[in-house]
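Residue numbers (my numbering), protein chains in the order written: chain A, 1403 to 1633; chain B, 741 to 1053.
Below you'll find the structure, written out as structure tokens, and then a few comments.
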Amino acid sequence: MLNITNFNNNILKNITFNIPSNKNLIILGSNGVGKTTLAKILCGLTPSNSVTINNINPSKFFGEQRAKLINYIPPKLEIFDEFITVREFLALSSLTPHITIDEALDRLQTTHLQHKACQTLSSGESQLLLIASSWLHGATYTIFDEPTANLDPQKMQLLFALFKDENFLQSKIIITHNLDLAYKLGFDILFLEKNTIKYHGSSEAFFEQAYLDTIYKKSVQKISNNIVVKL
Amino acid sequence: MKKLILLFAFTILIVAPFLGQIPIVPSKLLDNSSMDYKIFFELRLPRMLLAFFVGGVLALGGLIFQTVFRNPMSTPFTLGVASGATLFTAMAIVLGFSSMSSLFAFVGAMGTVMVLFMVASRFKSYDTSSLLLVGIALSFFYSASLMVMFYLSNLQESYEIMRFTMGSLDIVGFENIYLLAVTAFLLLALIHHYRYELKLLLTSYEFAYLKGVNVKKINYILLFGVSVAVGVAVSLTGPIGFVGLIIPHILKTIYAQSADRLIFPIFFYGGVFLVLCDLIARNLGTTTDVPIGVVTSFLGAPFFIYLLINKKQ
């Protein structure tokens, strides 16, 4: 169980919720509302006393035990050394013995990139690499921060299938602006507005047209089972 | 290419102690009462070993600082460690403790590290760019203090301080070499022990942290290890700049591998580079040896720029 209780800082106010380890969650909210801040607090990158995962505060523990609790996949791959290859990068994430690097490369259709230096990948390829690394890491909770931002339509379908697969990571927390993806995944929704939680509940209730109209000020519409932005 | 460089490196290491103002005849080394024997074993060999280990330590120090601070310009010299050693040596000379200048240099280097750690512990979160700025501020403070030392010193003392800041590999006998060699091997062992963490640090702090690494602790251990080794090196030779900056970059360009796989090559070629520079300094035909710091910069800077231009193309 992941718990955050009464968290406050200069960006977020009164944040309290929990996620059981067999549940997935989608975090929505406008730009600058604090989604990434929340993600970093949950995984301990920003230290806080308000978070516990299986009764452990992730910012106070180190070692593989902590690593296996929670992982955060940033929107962009940041890498300092210019010569680390895709395969070497994945080897660093290999904390799950029953998944091999070859399987991870194959599943994300990135086998042809394995000997390339990470710094030379395109933004879409980097995103696939990060997702492959999350599978090898295999934490109980994995937070994906805008995982689909740079993907082409086919890769988007690939990722959607992965997120739908219950055997692909235990609990997935996905931060996204892609409402159609959020709707089709059907995971519970946490909606942030004005620095606090405005909605936390089922996908069905959130994606009622009437509720969408109040939250998004009539800028999105449900058309034949798709969530579309009015342009 | 790599094999050719290795062959060249070994040739330098073998040939270096034989060449100098007095060339050594190999056959005379069998006679332990000959002048050649004395020069070879009491001057040339210790000098070459000193150059090798100091070069290795400085190059490895550069690699670690560049990794920890994520800044290609970082070396132990950037954080004021070398300036601390220089200032304290100047103090030893001015205060009349010239014979203990090595000890003073070491205290200066370590004192700087202590100050840095004390300041760093006051930061709320681990922040390498602030630590780097503290190091730069300290360097300026030391430079100003060094000016005061020059101001207070007489002509003879000024000359001594000046020579120390240029760096020198003059050494007799093996006493200090043992200390330096042990320090160098301990540093190598330390870095080799933490190579997995080092590789994680070569990606990003966040990535390393999420894999369970205590980033702050590992960074401090590595920085402390390097600072002790550099402190020992600088206390024996004075500050020799540039090796720590260029050798890691050159090796990375030649090998095209991530830095964690270059720990031993960087140490080895750092050592060979300084032996080569010393070989040149001793064989220019001048009445006294050209200061080693001059040769490292004269040789290193153009080659480094050439490599950078080639890489960009």
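We treat Cβ as the ideally placed atom computed from N, Cα and C, and that holds for glycine.
Any chain B beta carbon closer than 8 Å to residue i
{"i": "residue 1483/A", "result": "yes"}
{"i": "residue 1480/A", "result": "yes"}
{"i": "residue 1494/A", "result": "yes"}
{"i": "residue 1447/A", "result": "yes"}
{"i": "residue 1491/A", "result": "yes"}
{"i": "residue 1476/A", "result": "yes"}
{"i": "residue 1599/A", "result": "no"}
{"i": "residue 1589/A", "result": "no"}
{"i": "residue 1473/A", "result": "yes"}
{"i": "residue 1464/A", "result": "yes"}
{"i": "residue 1486/A", "result": "yes"}
{"i": "residue 1469/A", "result": "yes"}
Chain A contact for residue i (CB, 8 Å cutoff)
{"i": "residue 949/B", "result": "yes"}
{"i": "residue 937/B", "result": "no"}
{"i": "residue 992/B", "result": "yes"}
{"i": "residue 875/B", "result": "no"}
{"i": "residue 815/B", "result": "no"}
{"i": "residue 942/B", "result": "yes"}
{"i": "residue 996/B", "result": "yes"}
{"i": "residue 799/B", "result": "no"}
{"i": "residue 999/B", "result": "yes"}
{"i": "residue 810/B", "result": "yes"}
{"i": "residue 708/B", "result": "Because residue 708/B is not part of the residues shown, which for chain B are 741 to 1053, the question remains open."}
{"i": "residue 954/B", "result": "yes"}
Beta-carbon proximity list for residue i, same chain, < 6 Å, skipping 5 on both sides
{"i": "residue 923/B", "result": "969, 972"}
{"i": "residue 965/B", "result": "927, 930"}
{"i": "residue 1417/A", "result": "1406, 1409"}
{"i": "residue 905/B", "result": "826"}
{"i": "residue 953/B", "result": "937, 940"}
Cutoff 7 Å; reference residue i; Cβ partners in own chain excluding five residues on either side
{"i": "residue 998/B", "result": "939, 942"}
{"i": "residue 801/B", "result": "815, 816, 966, 969, 970, 984"}
{"i": "residue 1515/A", "result": "1488, 1523, 1527"}
{"i": "residue 771/B", "result": "777"}
{"i": "residue 1017/B", "result": "1032, 1035, 1036, 1039"}
{"i": "residue 1420/A", "result": "1403, 1404, 1405"}
{"i": "residue 987/B", "result": "799, 802, 1006, 1009, 1010, 1013"}
Residue span of the beta strand (DSSP E) that contains residue i, given as start and end
{"i": "residue 837/B", "result": "Segment: none, residue 837/B is in no beta strand (DSSP E) and carries neither H nor E."}
{"i": "residue 861/B", "result": "Not the beta strand (DSSP E): residue 861/B falls in the alpha helix (DSSP H), residues 841-862."}
{"i": "residue 1573/A", "result": "1573-1577"}
{"i": "residue 1595/A", "result": "1590-1595"}
{"i": "residue 1623/A", "result": "1622-1625"}
{"i": "residue 1409/A", "result": "1404-1409"}
{"i": "residue 1029/B", "result": "From DSSP, residue 1029/B is part of no beta strand (DSSP E); its letter is neither H nor E."}
{"i": "residue 1457/A", "result": "Unbroken run through residue 1457/A: none, as it is neither H nor E."}
{"i": "residue 1474/A", "result": "1472-1475"}
{"i": "residue 1628/A", "result": "1628-1631"}
{"i": "residue 1420/A", "result": "1417-1421"}
{"i": "residue 1586/A", "result": "First-last for residue 1586/A: 1581-1587, but that is the alpha helix (DSSP H), not the beta strand (DSSP E)."}
Run of the alpha helix (DSSP H) containing residue i, from where it starts to where it stops
{"i": "residue 897/B", "result": "895-906"}
{"i": "residue 1430/A", "result": "Careful: residue 1430/A lies outside any alpha helix (DSSP H), inside the beta strand (DSSP E) at 1427-1431."}
{"i": "residue 971/B", "result": "955-977"}
{"i": "residue 987/B", "result": "983-995"}
{"i": "residue 1601/A", "result": "Per DSSP, residue 1601/A belongs to no alpha helix (DSSP H); it is in the beta strand (DSSP E), 1598-1603."}
{"i": "residue 1545/A", "result": "Note, residue 1545/A: premise wrong, no alpha helix (DSSP H); beta strand (DSSP E) at 1543-1547."}
For residue j and residue i, the rounded distance between their alpha carbons
{"i": "residue 1036/B", "j": "residue 837/B", "result": "29 Å"}
{"i": "residue 1437/A", "j": "residue 956/B", "result": "26 Å"}
{"i": "residue 849/B", "j": "residue 1504/A", "result": "48 Å"}
{"i": "residue 862/B", "j": "residue 855/B", "result": "11 Å"}
{"i": "residue 859/B", "j": "residue 871/B", "result": "8 Å"}
{"i": "residue 1028/B", "j": "residue 877/B", "result": "35 Å"}
{"i": "residue 755/B", "j": "residue 846/B", "result": "32 Å"}
{"i": "residue 1617/A", "j": "residue 1462/A", "result": "37 Å"}
{"i": "residue 951/B", "j": "residue 1448/A", "result": "15 Å"}
{"i": "residue 768/B", "j": "residue 774/B", "result": "7 Å"}
{"i": "residue 1555/A", "j": "residue 1511/A", "result": "14 Å"}
{"i": "residue 751/B", "j": "residue 994/B", "result": "19 Å"}
{"i": "residue 791/B", "j": "residue 909/B", "result": "7 Å"}
{"i": "residue 1043/B", "j": "residue 797/B", "result": "21 Å"}
{"i": "residue 819/B", "j": "residue 980/B", "result": "15 Å"}
{"i": "residue 1621/A", "j": "residue 1431/A", "result": "14 Å"}
Contact with chain C by residue i, beta-carbon distance below 8 Å
{"i": "residue 970/B", "result": "Of the protein chains in the structure, A and B, none is chain C."}
Other residues of its chain near residue i: CB distance less than 8 Å, five sequence neighbours each side excluded
{"i": "residue 1538/A", "result": "1492, 1495, 1496, 1497, 1498, 1501, 1503, 1506"}
Validate contact between the segment 1472-1484 of chain A and the segment 1522-1532 of chain A using beta carbons, cut 8 Å, 3 pairs: yes
Cβ contact (3+ pairs, closer than 8 Å) linking the segment 1022-1037 of chain B and the segment 751-769 of chain B: yes
Segment contact flag, the segment 816-828 of chain B with the segment 882-902 of chain B, C-beta cutoff 8 Å, min 3 pairs: yes
Touching by the beta-carbon criterion (3+ pairs, under 8 Å), the segment 1545-1553 of chain A and the segment 1568-1584 of chain A: yes
Cβ contact (3+ pairs, closer than 8 Å) linking the segment 899-913 of chain B and the segment 782-792 of chain B: yes
Touching by the beta-carbon criterion (3+ pairs, under 8 Å), the segment 1587-1598 of chain A and the segment 742-753 of chain B: no
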